[in-house]
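Residue numbers (my numbering): 32 to 412. Each residue gets a CB set at the ideal place from its N, CA and C atoms; glycine is no exception. Keep in mind the model is a prediction, meaning the values are calculated, not measured. Let me begin by presenting the structure, written as structure tokens, before commenting on it.
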Ligand SMILES: Cc1cc2nc3c(=O)[nH]c(=O)nc-3n(C[C@H](O)[C@H](O)[C@H](O)COP(=O)(O)OP(=O)(O)OC[C@H]3O[C@@H](n4cnc5c(N)ncnc54)[C@H](O)[C@@H]3O)c2cc1C
């Protein structure tokens, strides 16, 4: 698999690529105040937020390279506003707060996070194609306005324009955040925990034991470790993406459901939901159907070559909402998991929630029960 086939790594500088393999196999601090397990965007953002909040020494460990999980295979789109049509309010609120935090990181980090401001255009193939629930920032487009913005479409249709959304190369964002972290060990897997008096006292790893003050698990899906009595239902949903060769068309932003144009003129498209497909390999028929859809919407792309194709798995819970919570029954451990299709977007706000919770010892008033780890075991109703 497969996230290795993604476009993102090839866009990095040599220095950024080196950061993704930082501290391979070497644990620089065996008694950190905070141990973060998992080096996807959630773990890296959380470690950065804890360090920024002055919570003492912070160590991040990651089984592979940073960004080897869903993060390195995601599309990197940061588009909260259109989700008002589809997602529950607390989730969209988290997403919007998180885009603000992404912008803040872009301003604050010495070299930013590589955030690109971009408009979102949704095409409605028939009148009334969008639900009545109207996000405040939307501008409705008549067919001739859509034709002006996206001149190469196969047929005229109405649309919706939402300005000032964003995107990142997810691996660049990981590398920029991780470069500033005090201690990172890649190639180190957490394997066991020892619990005493309601606290994790030791985390066993493939490179020996760590005795952390507090632990945050950001392992994509909930962590499965010997000695950790954690049962949260979770699954994963595969998705395919591809990047074409340089296209003979110009798109004005993220054009849904067509494509997003990258800086060099290639088109990023796909983002399928391949429910039930557990095979980690790219499926040629799925890639073929993505290209057929692209050519149907933009006939000028017919016959265009494919430069990159890959797939990865979205970590998920049954209600498709994340968990951001203390590990039930433990005083010094937290987890965040199941960020499904918006984990890259949600990372900075999630990290801020966790850092504040660890710092104050108080659970947040918001988002409260929405992200609880125990919501799946409550009786319905
Ligand atoms: C096709 C596709 C398109 C997507 N597009 C977008 C998008 O446009 N925008 C968006 O916001 N989101 C998108 N997503 C979703 C997003 O990629 C995920 O929600 C997000 O990357 C999850 O981040 P994470 O850090 O929680 O998990 P991961 O990136 O999976 O990171 C978890 C890390 O923990 C490590 N780990 C696990 N267990 C251990 C252990 N025991 N010890 C040490 N390390 C461990 C893993 O190796 C992994 O690197 C997309 C996903 C897919 C599949």
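{"Item": "To the nearest angstrom, how far is it from the Cα of residue 191 to the Cα of residue 177?", "Value": "9 Å"}
{"Item": "Mark residue 50 as exposed unless 16 or more other C-beta atoms lie within 10 angstroms of its C-beta, in which case mark it buried.", "Value": "buried"}
{"Item": "Work out the CA separation of residue 34 and residue 305 for me, nearest whole Å.", "Value": "16 Å"}
{"Item": "Rounded to a whole number of angstroms, what is the C-alpha to C-alpha distance between residue 32 and residue 291?", "Value": "Interpretation of residue 32 is limited by its pLDDT of 46, a score under 50 that renders its predicted location unreliable; the figure taken from the coordinates is listed afterwards. One C-alpha to the other measures close to 23 Å."}
{"Item": "Mind checking whether residue 202 and residue 40 have CB atoms under 9 Å apart?", "Value": "yes"}
{"Item": "What is the DSSP secondary structure of residue 405, reduced to helix, strand or coil?", "Value": "coil"}
{"Item": "By Cβ distance, which residues of its chain are closer than 6 Å to residue 90, with the 5 residues on each side in sequence left out?", "Value": "60, 63, 66, 214"}
{"Item": "Go ahead and label residue 412 buried or exposed: buried means 16 or more other beta carbons lie within 10 angstroms of its beta carbon, across all protein chains shown.", "Value": "For residue 412, the pLDDT reaches just 44, beneath the cut-off of 50, and the residue's location in the model is therefore unreliable, although a value from the coordinates is still provided. Exposed, since its Cβ has fewer than 16 Cβ neighbours within 10 Å."}
{"Item": "Express the C-alpha separation of residue 393 and residue 383 in angstroms, rounding to a whole number.", "Value": "13 Å"}
{"Item": "Alpha helix (DSSP H) containing residue 48: first to last residue?", "Value": "45 to 51"}
{"Item": "Looking only at C-alpha atoms, which of 95, 381, 254, 152 sits nearest to residue 56?", "Value": "95"}
{"Item": "Using the three-state DSSP reduction, which class does residue 32 fall into: helix, strand or coil?", "Value": "Unreliable positioning characterises residue 32 in this predicted model, as indicated by a pLDDT of 46, which lies under 50. The coordinate reading is nonetheless provided below. Reduced to three states, the DSSP call for residue 32 is coil."}
{"Item": "Report the option in 73, 387, 268 whose CA atom is closest to the CA atom of residue 309.", "Value": "268"}
{"Item": "Which same chain residues, not among the five before or five after residue 327, have their C-beta less than 8 Å away from its C-beta?", "Value": "185"}
{"Item": "Going by the beta-carbon positions, is the gap between residue 404 and residue 263 smaller than 9 Å?", "Value": "yes"}
{"Item": "Keeping to the same chain, check which residues put their C-beta closer than 7 Å to that of residue 48; ignore five residues upstream and five downstream.", "Value": "40"}
{"Item": "Where does the unbroken beta strand (DSSP E) through residue 154 begin, and where does it stop?", "Value": "147 to 155"}
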